[in-house]
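For the protein sequence lines, the chains are A and B, in the order given. Residue numbers 366 to 606, in the working numbering, belong to the letters of the first sequence in order. Residue numbers 14 to 221, in the working numbering, belong to the letters of the second sequence in order.
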Amino acid sequence: MKKLLEIQNLNLVKQKNTILNQLTLNFYKGVSVFICGTSASGKTSLLKAIAGVHKYTGHILKYGKVEVIVDLKNDQETIKAELDYDNLNETQKRIVHQFINPRILENKNEETNEETKILIVLCKAFLKEPDLLFVDQFFFKLSSKNLKKVFCYAKKKGITLAVVSNDIEQALNFSYMIVLDQGRVAIEGKTLQVLEQEKILKRLGIGLPFYVDLSIQLKLYGLIQKIYVTKEELRGALWKK
Amino acid sequence: MEKIEIKKEAINALQLKDPQVFLKGMNVITLPETTENISVKNYIFKKTSCFDQRLLDSLKLVNLNEAILNRKILVLSSSEKIKIELAIHLIQNTAVLYLYEFDRYFMEKDLLFFKKLFKKLVTKYHKTICFINCHLSFLLDFAQYYCLEKKKNQFIEIENPTFYEKELLNYVELPKIVEFINYINEEGKKINQYVDLKELLKAIFREV
Numbered sequence: 366m367k368k369l370l371e372i373q374n375l376n377l378v379k380q381k382n383t384i385l386n387q388l389t390l391n392f393y394k395g396v397s398v399f400i401c402g403t404s405a406s407g408k409t410s411l412l413k414a415i416a417g418v419h420k421y422t423g424h425i426l427k428y429g430k431v432e433v434i435v436d437l438k439n440d441q442e443t444i445k446a447e448l449d450y451d452n453l454n455e456t457q458k459r460i461v462h463q464f465i466n467p468r469i470l471e472n473k474n475e476e477t478n479e480e481t482k483i484l485i486v487l488c489k490a491f492l493k494e495p496d497l498l499f500v501d502q503f504f505f506k507l508s509s510k511n512l513k514k515v516f517c518y519a520k521k522k523g524i525t526l527a528v529v530s531n532d533i534e535q536a537l538n539f540s541y542m543i544v545l546d547q548g549r550v551a552i553e554g555k556t557l558q559v560l561e562q563e564k565i566l567k568r569l570g571i572g573l574p575f576y577v578d579l580s581i582q583l584k585l586y587g588l589i590q591k592i593y594v595t596k597e598e599l600r601g602a603l604w605k606k
Numbered sequence: 014m015e016k017i018e019i020k021k022e023a024i025n026a027l028q029l030k031d032p033q034v035f036l037k038g039m040n041v042i043t044l045p046e047t048t049e050n051i052s053v054k055n056y057i058f059k060k061t062s063c064f065d066q067r068l069l070d071s072l073k074l075v076n077l078n079e080a081i082l083n084r085k086i087l088v089l090s091s092s093e094k095i096k097i098e099l100a101i102h103l104i105q106n107t108a109v110l111y112l113y114e115f116d117r118y119f120m121e122k123d124l125l126f127f128k129k130l131f132k133k134l135v136t137k138y139h140k141t142i143c144f145i146n147c148h149l150s151f152l153l154d155f156a157q158y159y160c161l162e163k164k165k166n167q168f169i170e171i172e173n174p175t176f177y178e179k180e181l182l183n184y185v186e187l188p189k190i191v192e193f194i195n196y197i198n199e200e201g202k203k204i205n206q207y208v209d210l211k212e213l214l215k216a217i218f219r220e221v
């Protein structure tokens with residue numbers, strides 16, 4: 366697996382407060398990552414350090430093109446200007462059209478709804494053809510239809526997504542999971558393996574996705590043997606057809 | 014935009030097509046856009062002119078301690094900033110608290126804490142709470158009044174719905190427990206419409 370980003374002993378101190386503490390992480394091509402954590406655990410600070418916004422000590426080694434989206438700020442007056450649409454080639458314009466209706470390109474940025482703003486920043490990042498794309502919490506404000514589009518596009522183009530979120534249900538859409546607590550990694554690993562560490566997650570105040578939670582309880586009762594993440598699988602296991 | 018009715022002394026949930034239009038010019042609790050590198054104490058003082066017991070009480074209510082007062086507002090995490098904004102509104106004794114995408118900044122444990130706090134603010138302090146959210150799932154077990162924008166400027170109002178209210182669930186993403194129980198029942202099993210995982214577990218145990 367190709368390594369895209371390596372973070373070694375990352376320390377971030379803001380006004381004598383340690384935000385990130387000796388953080389070591391690796392990101393690989395094709396391994397999408399869900400990053401969550403307790404309040405003030407350093408999730409957004411981690412993204413800002415990778416983006417170069419925050420000063421840090423330690424190493425952030427990039428082996429591929431890495432893009433980071435931490436806010437929805439748009440500087441230009443219209444969506445068209447924001448995307449520098451007139452200077453895009455036909456292929457790039459087709460990318461934009463997948464996410465943004467061409468009819469609204471002339472619309473003013475300030476009159477744009479939040480969902481479109483998210484799609485604009487994602488489009489801008491996609492146009493840079495990143496290998497690894499980090500997105501902060503607002504990602505899951507997208508409707509399920511647009512989320513699906515974004516996941517499909519990223520998969521098709523070989524873009525590895527790493528998303529920060531508190532919406533634990535969404536963790537199941539990612540293959541790897543990192544849980545931060547007080548600037549350190551509390552747990553990391555394949556998503557299901559992390560979610561099975563129920564006691565640690567609950568101690569941190571992090572819930573479980575519904576089907577994982579239900580499966581763990583049913584497993585304790587001896588009704589099923591493993592964890593299921595969809596209603597169809599769980600029903601099939603409980604009431605064998 | 015058509016006038017939206019907010020129920021007084023209740024927990025309201027609004028799902029709007031374009032929340033930014035509704036939020037324009039309103040005093041909403043959301044991430045502050047300040048760029049001033051000042052201490053939390055000064056930030057709160059600038060907004061409330063308050064530095065007495067009310068400040069400490071409000072911080073305590075939102076689960077912060079006074080140590081945060083000496084930190085700089087810009088270095089706080091998103092969740093801490095939202096808590097500070099909420100504390101400011103409590104100091105100001107705002108009658109209606111508008112909260113935009115509040116749940117986005119918190120994990121389950123914090124949300125449980127805040128659900129209790131908001132209920133207390135309504136019952137004990139006669140506040141009106143109004144959540145403006147694109148996803149309403151986290152509100153389904155405690156908001157009393159729902160206003161959903163079906164089409165632009167066409168609203169549906171629902172009061173005290175059950176978790177399984179069809180009218181509501183047509184517009185709101187199904188909570189997973191509802192999704193699962195509905196699915197199981199469609200498949201010919203008989204499980205009541207529970208909202209609690211433990212109750213569901215017992216029911217499955219009886220049914221399997």
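The C-beta atom is built at its ideal place from N, Cα and C for all residues, glycine as well.
- Of all residues in the region 563-592 of chain A, the ones placed with a Cβ closer than 8 Å to any Cβ belonging to chain B are L569, G570, I571, G572, P574, F575, Y576, D578, L579, Q582, L583, Y586, L588, in chain order.
- Note that the C-beta distance between K122/B and G402/A is not below 9 Å.
- When the five nearest sequence neighbours on each side are left out, the beta carbons in the same chain lying within less than 6 Å of the beta carbon of K394/A are those of K367, L369, T525, in order along the chain.
- Shown here, R600/A sits in a helix according to DSSP, grouped into three states.
- Contact with chain B is found for A405/A, since one of that chain's Cβ atoms lies less than 9 Å from the residue's Cβ.
- Runs of alpha helix (DSSP H) with 4 or more residues, each lying fully within the region 385-455 of chain A, are found at 408-416, 444-447, listed in chain order.
- Close partners of K473/A in chain B (Cβ separation under 8 Å) are lacking, with about 12 Å as the shortest Cβ gap.
- Using a CB distance cut-off of 9 Å, K122/B counts as an interface residue toward chain A.
- Chain-ordered, the chain B residues with CB closer than 7 Å to the CB of Q380/A read R84, K85, V88.
- Ranked by Cα distance from Q547/A, the first of I485/A, Q373/A, L377/A, E371/A is L377/A.
- Judged by beta-carbon spacing, E172/B lies beyond the 9 Å limit of W604/A, meaning their Cβ atoms are not closer than that value.
- Taken atom to atom, the span from the alpha-carbon of G38/B to that of K438/A is near 19 Å.
- The Cβ atoms of N472/A and T443/A sit closer than 9 Å to each other.
- Judged by DSSP in its simplified three-state form, D501/A adopts coil rather than helix or strand.
- Only residues of its own chain outside the window of five on either side were considered, and among them I19, T141, C143 have a CB closer than 7 Å to the CB of V109/B, listed in chain order.
- In the DSSP annotation of this structure, the continuous segment of the beta strand (DSSP E) that includes E371/A starts and ends at 368-379.
- In the three-state reduction of the DSSP assignment, K522/A falls in the coil class, being assigned neither a helical nor a strand state.
- Under a criterion of Cβ atoms nearer than 8 Å, the residues of chain B adjacent to L603/A are, in order, I217, V221.
- Between Q502/A and chain B, the shortest Cβ-Cβ separation is below 9 Å.
- Think of a sphere of 7 Å around the beta carbon of I190/B: the chain A residues whose beta carbon falls inside it are F575, in chain order.
- Annotation: L125/B to L390/A spans about 31 Å, alpha carbon to alpha carbon.
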